[in-house]
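Protein chains in written order, with this note's numbering: chain A, 1 to 226; chain B, 227 to 450. Each residue gets a CB set at the ideal place from its N, CA and C atoms; glycine is no exception. Keep in mind the model is a prediction, meaning the values are calculated, not measured. Written below as structure tokens is the structure these notes are about.
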């Protein structure tokens, strides 16, 4: 109970400070819009064939937008040695990490919910399957992205070239998660429901989330405290 | 390891390679592929050595996090680098082979894709090390990354396999059995690869310990 409260306290603190400045969210939303427009030059957005890789397109945009949010997650705490203060507080490092992950999840989901309708309008697509299933897939995949990303945000917080290192390290690790998300999103944008073959991907996504959450929670202490 | 031991190991590896090359020349050509199939004796052991290196890096990383001895860190970076070198050998020999047999340098077959992703992951490990100045912090950060990377390898492998089963399969050398003499040759050629890998690891570890010594001296000089 206490642990859950600590997680929520950290998450709300992060959300509050982000919503006051809106630095990362603004950058992330406008960046995803820019990429969506760039993609429209790379291939014909109204063509029927675009539907076949709509999921891939969407998730590449989300992954890029996510890197901007994740980069800020721990870097924000460097000013005035806030990170040291957080670590010295009675909150365990894993709760700090999970709280930040939750905040990043909510922020990235918000960015995705802005990006999705823009994508649907620009690319003349619509959600044939249920929106809530798609939302569930988005939440699961975004949790996979944020849990790995937040971990590496903590890992790279003290490095020079931090902004460069994070995407370079995180994207190859995220490949399985992104693949599952791409697969499921493409299906949900074109077909009414998931069949048995695609349920495997859903389970795979859950497995990815569980494995990397467990690994990150186990190792975050060594990363932050040493 | 001492220098003479290393030299002997290199010598043995070289002799074995020459002997294997002579035996390979005697082996009959494969029915479907002709002479080029012999690249398998370099291609497959290179992959085995690479994965062995990555596994050793995982073990060394865990040991570093448990014990905190920088020797394990030096071992981890040494085996990762050697693993990457053999991984590159595997990828490049595979591309040459693919060019001969399939007519293309690259195909997004699960095995090729997984190996490439794996290679990229571990090259990220080396990039990460370069970005951290302080030795204990570098060791800790890269050990954690190594554990993450190794956990990701099987996940990548299975996901890419599933991914491809839902798409048109590229023309791959479909599952067949290999003659036992080929298998023997594969294992026999693995021995010099392993010896060579060990020598590289030993040299690399010596460099790391020299680097630590230089760092310590430099710090002492600063203190004075």
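Alpha carbon to alpha carbon, how far is residue 442/B from residue 448/B? Give it in angstroms, no decimals.
Along the second chain, one-based indexing puts residue 448/B at 222. Along the second chain, one-based indexing puts residue 442/B at 216. Taking the straight line from one Cα to the other gives about 10 Å.
For residue 124/A, count the other beta carbons within 10 Å of its own beta carbon; 16 or more makes it buried, fewer makes it exposed. Which is it?
Within the first chain, the letter at position 124 stands for residue 124/A. Its Cβ having fewer than 16 others within 10 Å, residue 124/A is exposed.
Would you list, in chain order, the members of the region 159-173 of chain A that have their beta-carbon closer than 7 Å to a beta-carbon of chain B?
If you check each beta-carbon in the region 159-173 of chain A against every beta-carbon of chain B, the ones closer than 7 Å belong to 159, 160, 161, 165, 168, 169, 172, 173.
Going along the chain, which residues of the region 326-345 of chain B sit with their C-beta nearer than 8 Å to a C-beta in chain A?
343
Compile a chain-ordered list of the residues in the region 357-381 of chain B whose CB is closer than 9 Å to at least one CB of chain A.
Correct list: 357, 358, 359, 360, 362, 363, 366, 367, 369, 370, 371, 373, 374, 375, 377, 378, 381.
Determine, using beta-carbon pairs with one atom in the region 352-360 of chain B and one in the region 271-280 of chain B, whether at least three such pairs fall under 8 Å.
no
Between residue 228/B and residue 429/B, what straight-line distance do the alpha-carbon atoms span, to the nearest angstrom?
In the second chain, counting from the first residue as 1, residue 228/B sits at position 2. In the second chain, counting from the first residue as 1, residue 429/B sits at position 203. Their Cα atoms are separated by approximately 10 Å.
At 4 residues or longer, and completely inside the region 316-340 of chain B: list those alpha helix (DSSP H) runs for me, N to C.
none
Helix, strand or coil for residue 191/A per DSSP?
If you number the first chain from 1, residue 191/A lands on position 191. Coil at residue 191/A, not helix or strand.
Give me, in chain order, the residues of the same chain whose beta-carbon lies closer than 6 Å to that of residue 156/A; leave out the 5 immediate sequence neighbours on both sides.
As a working note, residue 156/A is residue 156 in the first chain. Excluding sequence neighbours, residue 156/A sits near 162, 165, 166.
For residue 116/A, which of 26/A, 225/A, 58/A has the nearest alpha-carbon?
Working through the first chain from its first residue, we reach residue 116/A at position 116. Closest in C-alpha terms to residue 116/A, from the list 26/A, 225/A, 58/A, comes 58/A.
Let me make sure I understand the geometry here. Which of 22/A, 171/A, 178/A, 211/A has the alpha-carbon closest to that of residue 72/A?
Position 72 of the first chain, counting from 1, holds the residue named residue 72/A. Looking at 22/A, 171/A, 178/A, 211/A, the one whose alpha-carbon comes closest to that of residue 72/A is 22/A.
Identify every residue that forms a DSSP beta bridge with residue 260/B.
Taking the second chain and counting its residues from 1, one reaches residue 260/B at position 34. 256/B, per the DSSP bridge assignment.
For the alpha helix (DSSP H) holding residue 54/A, just list the boundary residues, first then last.
Residue 54/A sits at position 54 when you count from the first residue of the first chain. Note, residue 54/A: alpha helix (DSSP H), 54-75.
So, does the CB of residue 289/B fall closer than 8 Å to a CB anywhere in chain A?
Looking up residue 289/B in the second chain gives position 63. Chain A, which has no Cβ nearer than 8 Å to the Cβ of residue 289/B, makes this no.
How about residue 303/B and residue 340/B: are their beta carbons less than 8 Å apart?
For the purposes of this step, residue 303/B is identified with residue 77 of the second chain, where counting begins at 1. For the purposes of this step, residue 340/B is identified with residue 114 of the second chain, where counting begins at 1. Result no, Cβ atoms of residue 303/B and residue 340/B do not sit closer than 8 Å.
Interface flag, residue 219/A vs chain B, CB-CB below 8 Å:
For the purposes of this step, residue 219/A is taken as residue 219 along the first chain, with counting starting at 1. Yes, residue 219/A lies at the interface with chain B (some Cβ there is under 8 Å from its Cβ).
Rounded to a whole number of angstroms, what is the C-alpha to C-alpha distance between residue 46/A and residue 414/B?
On the first chain, position 46 is the one that residue 46/A refers to. On the second chain, position 188 is the one that residue 414/B refers to. Straight through space, the alpha carbons of residue 414/B and residue 46/A are spaced by roughly 57 Å.
Using a beta-carbon distance below 8 Å, is residue 179/A in contact with chain B?
As a working note, residue 179/A is residue 179 in the first chain. Interface residue, yes.
For residue 47/A, the three-state DSSP class (helix, strand or coil):
Here residue 47/A is taken as the residue at index 47 of the first chain, counted from 1. If DSSP states are grouped into helix, strand and coil, residue 47/A belongs with coil.
Can you have a look at residue 292/B and say buried or exposed, based on whether 16 or more other CB atoms are within 10 angstroms of its CB?
Here residue 292/B corresponds to residue number 66 of the second chain, with the count starting at 1. Residue 292/B is exposed by the Cβ-count criterion.
Of the residues 51/A, 96/A, 31/A, 43/A, which one's Cα is nearest the Cα of residue 12/A?
What you label residue 12/A is simply residue 12 of the first chain in a count that begins at 1. For residue 12/A, the closest alpha carbon among the candidates 51/A, 96/A, 31/A, 43/A is that of 96/A.
Anticipated Cβ contact below 8 Å, residue 60/A with residue 104/A, distance rounded:
Indexing the first chain from 1 puts residue 60/A at position 60. Indexing the first chain from 1 puts residue 104/A at position 104. Wrong, their Cβ atoms sit about 18 Å apart, outside the cutoff.
What in chain A is Cβ-close to residue 350/B, meaning under 7 Å?
For the purposes of this step, residue 350/B is taken as the residue at position 124 of the second chain. 168, 169, 172, listed in chain order.
Counting contacts by CB-CB distance shorter than 8 Å, is residue 354/B in contact with chain A?
Walking along the second chain from the start, residue 354/B turns up at place 128. Yes, its Cβ sits closer than 8 Å to a Cβ of chain A.
Taking only beta-carbon atoms, is residue 69/A less than 8 Å away from chain B?
Locating residue 69/A in the first chain gives position 69, counting from the first residue. It does not; no Cβ of chain B falls within 8 Å.
If you draw a straight line from the alpha carbon of residue 419/B to that of residue 331/B, how long is it in whole angstroms?
Residue 419/B sits at position 193 when you count from the first residue of the second chain. Residue 331/B sits at position 105 when you count from the first residue of the second chain. For residue 419/B and residue 331/B, the distance between alpha carbons rounds to 24 Å.
Check whether chain B comes within 8 Å of residue 55/A, counting only Cβ atoms and requiring the distance to be less than that.
Locating residue 55/A in the first chain gives position 55, where the first residue counts as 1. Chain B, which has no Cβ nearer than 8 Å to the Cβ of residue 55/A, makes this no.
Express the C-alpha separation of residue 435/B and residue 98/A in angstroms, rounding to a whole number.
Along the first chain, read from residue 1 onward, the residue named residue 98/A stands at position 98. Along the second chain, read from residue 1 onward, the residue named residue 435/B stands at position 209. So the two alpha carbons sit approximately 37 Å from each other.
Between the C-alpha atoms of residue 206/A and residue 345/B, what's the straight-line distance to the nearest angstrom?
Residue numbering aside, residue 206/A sits at position 206 when the first chain is read from its first letter. Residue numbering aside, residue 345/B sits at position 119 when the second chain is read from its first letter. The alpha-carbon atoms of residue 206/A and residue 345/B are separated by roughly 25 Å.
Which residues of the region 92-109 of chain A have a Cβ closer than 9 Å to any Cβ of chain B? Give them in chain order.
none
Distance, residue 160/A Cα to residue 450/B Cα
In the second chain, counting from the first residue as 1, residue 450/B sits at position 224. In the first chain, counting from the first residue as 1, residue 160/A sits at position 160. Roughly 28 Å between the two C-alpha positions.
Under three-state DSSP, which class holds residue 358/B?
The residue you call residue 358/B lines up with position 132 of the second chain. Three-state result, residue 358/B: coil.
Taking the beta carbon of residue 350/B as the centre, do at least 16 other beta carbons fall within 10 Å, making it buried, or is it exposed?
Locating residue 350/B in the second chain gives position 124, where the first residue counts as 1. Classification for residue 350/B: buried.
Under 9 Å between beta-carbons, which chain A residues line up against residue 310/B? List them in chain order, please.
Taking the second chain and counting its residues from 1, the one referred to as residue 310/B is at position 84. What residue 310/B touches in chain A: nothing, since even the nearest Cβ is about 14 Å away.
Verify the CB distance criterion: does residue 222/A have a CB-CB separation below 8 Å to chain B?
Counting from 1 along the first chain, the entry for residue 222/A is found at position 222. At least one chain B Cβ lies under 8 Å of residue 222/A.
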